[in-house]
Amino acid sequence: MLQASRISVLAVDDHPLLREGIASMLGEAGDIHLVAQAANGHEAIELYRLHRPDVTLMDIQMPGMSGIETLIEIRREFPKARLIMLTVYRGETQARDAIKAGASGYLLKSMVQKELRDAIRLVHGGQRYIPAEIAAQLANSMAYEDLSPAEIEVLQLVASGFSNKRVAAALSIPEETVKSRMKSILSKLSANDRTHAVILALKRGIIDVS
(Lines of atoms letter the chains of each structure in order from A and count residues from 1; the text may use other names and numbers.)
(Lines give C-alpha, C1' and ligand atoms only; values in the text may rest on other atoms or scores of the structure.)
Protein backbone atom coordinates (compact mmCIF):
# COMPACT_ATOMS: atom_id res chain seq x y z
CA MET A 1 0.00 0.00 0.00
CA LEU A 2 1.45 3.31 -1.09
CA GLN A 3 1.88 6.03 1.55
CA ALA A 4 -0.06 9.21 0.83
CA SER A 5 2.15 12.10 -0.28
CA ARG A 6 3.04 14.59 2.45
CA ILE A 7 1.72 18.14 2.59
CA SER A 8 4.46 20.50 1.41
CA VAL A 9 4.83 23.73 3.37
CA LEU A 10 6.72 27.02 2.91
CA ALA A 11 7.33 29.05 6.10
CA VAL A 12 7.80 32.82 5.81
CA ASP A 13 8.84 34.94 8.81
CA ASP A 14 11.58 37.48 9.43
CA HIS A 15 12.39 35.93 12.83
CA PRO A 16 14.74 32.91 12.49
CA LEU A 17 13.73 31.52 15.89
CA LEU A 18 10.09 31.29 14.89
CA ARG A 19 11.01 29.58 11.62
CA GLU A 20 13.15 27.11 13.56
CA GLY A 21 10.26 26.46 15.92
CA ILE A 22 7.92 25.80 13.02
CA ALA A 23 10.49 23.50 11.40
CA SER A 24 10.78 21.53 14.62
CA MET A 25 7.00 21.19 15.03
CA LEU A 26 6.44 20.14 11.45
CA GLY A 27 9.34 17.72 11.61
CA GLU A 28 7.33 15.73 14.16
CA ALA A 29 4.35 15.42 11.79
CA GLY A 30 4.69 12.44 9.48
CA ASP A 31 2.23 13.84 6.94
CA ILE A 32 3.71 17.36 6.65
CA HIS A 33 7.01 18.36 5.04
CA LEU A 34 8.66 21.80 5.34
CA VAL A 35 10.20 22.34 1.90
CA ALA A 36 11.61 25.85 2.36
CA GLN A 37 11.90 28.91 4.61
CA ALA A 38 11.89 32.58 3.64
CA ALA A 39 12.84 35.65 5.69
CA ASN A 40 10.90 38.25 3.67
CA GLY A 41 8.23 38.70 1.04
CA HIS A 42 10.54 38.79 -1.96
CA GLU A 43 12.21 35.52 -0.93
CA ALA A 44 8.78 34.02 -0.34
CA ILE A 45 7.63 34.76 -3.89
CA GLU A 46 10.78 33.24 -5.41
CA LEU A 47 10.59 30.14 -3.22
CA TYR A 48 6.89 29.73 -3.93
CA ARG A 49 7.63 29.71 -7.65
CA LEU A 50 10.37 27.14 -7.10
CA HIS A 51 8.56 24.73 -4.77
CA ARG A 52 4.82 25.36 -5.39
CA PRO A 53 4.01 24.33 -1.78
CA ASP A 54 0.59 22.97 -0.83
CA VAL A 55 0.34 25.45 2.05
CA THR A 56 2.32 28.60 2.87
CA LEU A 57 2.67 30.02 6.39
CA MET A 58 3.04 33.80 6.15
CA ASP A 59 3.86 36.33 8.87
CA ILE A 60 1.64 39.39 8.43
CA GLN A 61 4.07 41.98 9.78
CA MET A 62 7.43 41.90 8.01
CA PRO A 63 9.76 44.80 7.18
CA GLY A 64 9.60 45.99 3.60
CA MET A 65 6.98 43.89 1.88
CA SER A 66 4.19 42.96 4.30
CA GLY A 67 2.68 39.53 4.53
CA ILE A 68 -0.59 40.68 3.01
CA GLU A 69 1.24 42.36 0.10
CA THR A 70 3.17 39.12 -0.42
CA LEU A 71 -0.04 37.10 -0.25
CA ILE A 72 -1.60 39.29 -2.94
CA GLU A 73 1.44 38.92 -5.21
CA ILE A 74 1.57 35.13 -4.83
CA ARG A 75 -2.14 34.72 -5.47
CA ARG A 76 -1.98 37.03 -8.47
CA GLU A 77 0.43 34.56 -10.09
CA PHE A 78 -0.98 31.41 -8.45
CA PRO A 79 -4.73 31.95 -7.79
CA LYS A 80 -5.14 28.55 -6.12
CA ALA A 81 -2.35 29.17 -3.57
CA ARG A 82 -3.36 28.39 0.00
CA LEU A 83 -1.83 30.60 2.68
CA ILE A 84 -2.21 30.75 6.44
CA MET A 85 -1.37 34.15 7.92
CA LEU A 86 0.46 34.29 11.27
CA THR A 87 0.33 37.24 13.68
CA VAL A 88 0.88 38.19 17.31
CA TYR A 89 -2.01 40.66 17.25
CA ARG A 90 -5.53 39.66 18.32
CA GLY A 91 -7.46 42.50 16.63
CA GLU A 92 -9.80 41.48 13.83
CA THR A 93 -8.85 44.21 11.33
CA GLN A 94 -5.74 42.37 10.11
CA ALA A 95 -7.71 39.13 9.92
CA ARG A 96 -10.39 40.77 7.81
CA ASP A 97 -7.80 42.34 5.49
CA ALA A 98 -6.01 39.00 5.11
CA ILE A 99 -9.20 37.11 4.33
CA LYS A 100 -10.28 39.77 1.82
CA ALA A 101 -6.87 39.37 0.15
CA GLY A 102 -7.44 35.63 -0.22
CA ALA A 103 -5.92 34.00 2.88
CA SER A 104 -7.19 30.49 3.61
CA GLY A 105 -6.35 30.67 7.30
CA TYR A 106 -5.39 33.01 10.11
CA LEU A 107 -3.55 31.95 13.24
CA LEU A 108 -2.20 33.76 16.29
CA LYS A 109 1.45 32.92 16.96
CA SER A 110 0.53 32.09 20.54
CA MET A 111 -1.59 29.26 19.11
CA VAL A 112 1.03 27.90 16.72
CA GLN A 113 2.32 25.10 18.95
CA LYS A 114 -1.16 23.77 19.65
CA GLU A 115 -3.03 24.38 16.41
CA LEU A 116 -0.59 24.80 13.51
CA ARG A 117 -0.56 21.23 12.24
CA ASP A 118 -4.35 20.90 12.32
CA ALA A 119 -4.66 24.28 10.57
CA ILE A 120 -2.33 23.12 7.79
CA ARG A 121 -4.27 19.88 7.31
CA LEU A 122 -7.64 21.65 7.17
CA VAL A 123 -6.45 24.33 4.74
CA HIS A 124 -4.80 21.68 2.55
CA GLY A 125 -8.15 19.90 2.52
CA GLY A 126 -9.85 22.97 1.11
CA GLN A 127 -11.30 24.36 4.33
CA ARG A 128 -10.71 27.76 5.96
CA TYR A 129 -9.09 27.97 9.40
CA ILE A 130 -9.93 30.89 11.70
CA PRO A 131 -9.70 30.56 15.52
CA ALA A 132 -13.03 30.91 17.31
CA GLU A 133 -12.09 34.12 19.14
CA ILE A 134 -11.03 35.84 15.90
CA ALA A 135 -14.17 34.63 14.12
CA ALA A 136 -16.29 36.08 16.94
CA GLN A 137 -14.47 39.42 16.68
CA LEU A 138 -15.02 39.44 12.91
CA ALA A 139 -18.72 38.83 13.42
CA ASN A 140 -18.97 41.61 16.02
CA SER A 141 -17.11 44.07 13.80
CA MET A 142 -19.79 43.75 11.14
CA ALA A 143 -21.87 46.10 13.29
CA TYR A 144 -19.31 48.89 12.91
CA GLU A 145 -18.72 51.12 9.92
CA ASP A 146 -15.20 51.22 8.55
CA LEU A 147 -13.14 54.31 9.31
CA SER A 148 -11.87 56.17 6.28
CA PRO A 149 -8.09 56.49 5.72
CA ALA A 150 -8.36 60.18 6.69
CA GLU A 151 -10.13 59.27 9.94
CA ILE A 152 -7.57 56.59 10.77
CA GLU A 153 -4.83 59.17 10.19
CA VAL A 154 -6.44 61.52 12.69
CA LEU A 155 -7.05 58.78 15.26
CA GLN A 156 -3.47 57.55 15.00
CA LEU A 157 -2.23 61.01 15.98
CA VAL A 158 -4.80 61.30 18.77
CA ALA A 159 -3.54 57.97 20.10
CA SER A 160 -0.05 59.49 20.19
CA GLY A 161 -1.33 62.26 22.46
CA PHE A 162 -1.94 65.01 19.90
CA SER A 163 -4.58 67.64 20.62
CA ASN A 164 -6.96 68.65 17.83
CA LYS A 165 -4.82 71.73 17.21
CA ARG A 166 -1.62 69.64 16.89
CA VAL A 167 -3.38 67.12 14.64
CA ALA A 168 -4.53 69.97 12.39
CA ALA A 169 -0.99 71.36 12.20
CA ALA A 170 0.54 67.94 11.53
CA LEU A 171 -1.90 67.18 8.70
CA SER A 172 -2.12 70.76 7.36
CA ILE A 173 -5.90 70.81 7.68
CA PRO A 174 -8.28 73.16 9.56
CA GLU A 175 -8.96 72.32 13.20
CA GLU A 176 -12.68 72.21 12.38
CA THR A 177 -11.97 69.38 9.95
CA VAL A 178 -10.21 67.46 12.72
CA LYS A 179 -13.21 67.97 15.01
CA SER A 180 -15.57 66.81 12.24
CA ARG A 181 -13.52 63.67 11.65
CA MET A 182 -13.37 62.93 15.37
CA LYS A 183 -17.16 63.25 15.60
CA SER A 184 -17.49 60.75 12.75
CA ILE A 185 -14.96 58.41 14.41
CA LEU A 186 -16.87 58.44 17.70
CA SER A 187 -20.10 57.67 15.87
CA LYS A 188 -18.67 54.83 13.76
CA LEU A 189 -16.96 53.17 16.72
CA SER A 190 -19.84 53.84 19.13
CA ALA A 191 -17.22 55.39 21.41
CA ASN A 192 -17.99 57.62 24.39
CA ASP A 193 -14.99 59.92 23.94
CA ARG A 194 -11.54 60.22 22.35
CA THR A 195 -9.87 57.88 24.83
CA HIS A 196 -12.57 55.25 24.36
CA ALA A 197 -12.20 55.56 20.58
CA VAL A 198 -8.44 54.98 20.81
CA ILE A 199 -8.92 51.94 23.07
CA LEU A 200 -11.48 50.41 20.70
CA ALA A 201 -9.32 51.10 17.64
CA LEU A 202 -6.25 49.55 19.28
CA LYS A 203 -8.24 46.49 20.33
CA ARG A 204 -9.59 45.99 16.82
CA GLY A 205 -6.21 46.55 15.18
CA ILE A 206 -7.30 49.67 13.29
CA ILE A 207 -4.32 51.63 14.66
CA ASP A 208 -1.16 50.75 16.51
CA VAL A 209 1.08 52.59 18.94
CA SER A 210 4.73 51.66 18.63
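Numbering follows full-length UniProt numbering, in which position 154 of the sequence shown is assigned residue number 154; successive positions increment by one, without gaps.
For every residue, glycine included, the Cβ atom is placed at its ideal position computed from N, Cα and C.
Practice item. Return the residue from the list Ala39, Glu73, Leu86 that minimises the CA-CA distance to Ile60. Key: The residue you call residue 60 lines up with position 60 of the sequence shown. Minimum Cα distance to Ile60 is reached at Leu86.
Check your understanding: Between the stretch 42-53 and the stretch 10-24, are three or more C-beta pairs nearer than 8 Å?
Key -> yes
Review point. When the Cα atoms are used, what is the spatial distance from Phe162 to Thr93?
Key: Here the question's residue 162 lines up with position 162 in the sequence shown. Here the question's residue 93 lines up with position 93 in the sequence shown. Distance between the alpha carbons of Phe162 and Thr93 is about 24 Å.
Review point. With DSSP run on the structure shown, which of helix, strand or coil describes Gln137?
Key: On the sequence shown, residue 137 is found 137 positions in, with the first residue counted as 1. Reduced to three states, the DSSP call for Gln137 is helix.
Exercise for review: Tell me whether Tyr48 sits in a helix, a strand or coil according to DSSP, three-state version.
Suggested key: The residue you call residue 48 lines up with position 48 of the sequence shown. DSSP places Tyr48 in helix when its eight states are reduced to three.
Practice item. Name the residue from Arg76, Ile68, Asp208 whose alpha carbon lies nearest to the alpha carbon of Leu157. Key: Translated into positions along the sequence shown, residue 157 becomes position 157. Minimum Cα distance to Leu157 is reached at Asp208.
Exercise for review: Confirm, please, whether the CB-CB distance from Ile84 to Met62 is below 9 Å.
Suggested key: What you label residue 62 is simply residue 62 of the sequence shown in a count that begins at 1. What you label residue 84 is simply residue 84 of the sequence shown in a count that begins at 1. Contact flag unset, no.
Exercise for review: Would you tell me roughly how many angstroms separate the C-alpha atoms of Ala169 and Ser160, rounded to the nearest one?
Suggested key: One-based indexing of the sequence shown puts residue 169 at position 169. One-based indexing of the sequence shown puts residue 160 at position 160. About 14 Å.
Review point. What is the DSSP secondary structure of Ala143, counted as helix, strand or coil?
Key: Within the sequence shown, the letter at position 143 stands for residue 143. Bear in mind that the predicted position of Ala143 carries a pLDDT of just 49, short of 50, making it too unreliable to give a figure here.
Review point. Quick one: complete alpha helix (DSSP H) runs, 4+ long, within the UniProt domain "HTH luxR-type" (140-205)?
Key: 149-159, 164-171, 175-189, 194-204
Review point. Considering only residues of the same chain and omitting the five flanking positions on each side of Ala44, which have a CB-CB separation below 6 Å?
Key: Translated into the one-based positions of the sequence shown, residue 44 becomes position 44. Closer than 6 Å at the Cβ level, and outside the excluded window around Ala44, lie Val12, Ala38, Thr70.
Exercise for review: Thinking Arg82 and Asp118 are a contact (beta carbons under 8 Å), I'd like their distance in whole angstroms, please.
Suggested key: Counting from 1 along the sequence shown, the entry for residue 82 is found at position 82. Counting from 1 along the sequence shown, the entry for residue 118 is found at position 118. Not really, about 15 Å apart at Cβ, beyond 8 Å.
Check your understanding: Using DSSP with H/G/I as helix, E/B as strand and the rest coil, what is Asp59?
Key -> Residue mapping note: residue 59 aligns to position 59 of the sequence shown, counting from 1. In the structure shown, Asp59 sits in a strand (DSSP, three-state: E or B).
Point to revise | Chain-order list of residues whose beta-carbon lies under 8 Å from that of Ile7 (same chain, five-residue window excluded) | key: In the sequence shown, counting from the first residue as 1, residue 7 sits at position 7. Counting only Cβ-Cβ distances below 8 Å, and skipping sequence neighbours, we find Asp31, Ile32, His33, Asp54, Val55, Ile120, Arg121, His124.
Exercise for review: Decide if Gly64 is buried, meaning its Cβ has at least 16 other Cβ atoms within 10 Å, or exposed.
Suggested key: Mapped onto the sequence shown, residue 64 falls at position 64. When all chains shown are included, Gly64 counts as exposed.
Check your understanding: So, is Ser148 buried or exposed, given that buried needs 16 or more other C-beta atoms within 10 angstroms?
Key -> Position 148 of the sequence shown, counted from the start, is the residue given in the question as residue 148. Looking at its Cβ environment, which holds fewer than 16 other Cβ atoms inside 10 Å, Ser148 is exposed.
**Study point:** Short Cβ contact (9 Å threshold) for Lys188 with Glu153
**Key:** In the sequence shown, counting from the first residue as 1, residue 188 sits at position 188. In the sequence shown, counting from the first residue as 1, residue 153 sits at position 153. Result no, Cβ atoms of Lys188 and Glu153 do not sit closer than 9 Å.
Practice item. Within its chain, find whatever has a CB closer than 6 Å to the CB of Arg75; leave out the 5 residues flanking it on each side and keep chain order. Key: In the sequence shown, residue 75 corresponds to position 75, counting from 1. If we look at Arg75 and ignore the five residues flanking it on each side, its Cβ neighbours are Ala81, Gly102.
Exercise for review: Look at Leu138 and Ile173 and say whether their C-beta atoms are less than 9 Å apart.
Suggested key: If you number the sequence shown from 1, residue 138 lands on position 138. If you number the sequence shown from 1, residue 173 lands on position 173. It is not a contact, given that the beta carbons lie outside the stated cut-off.
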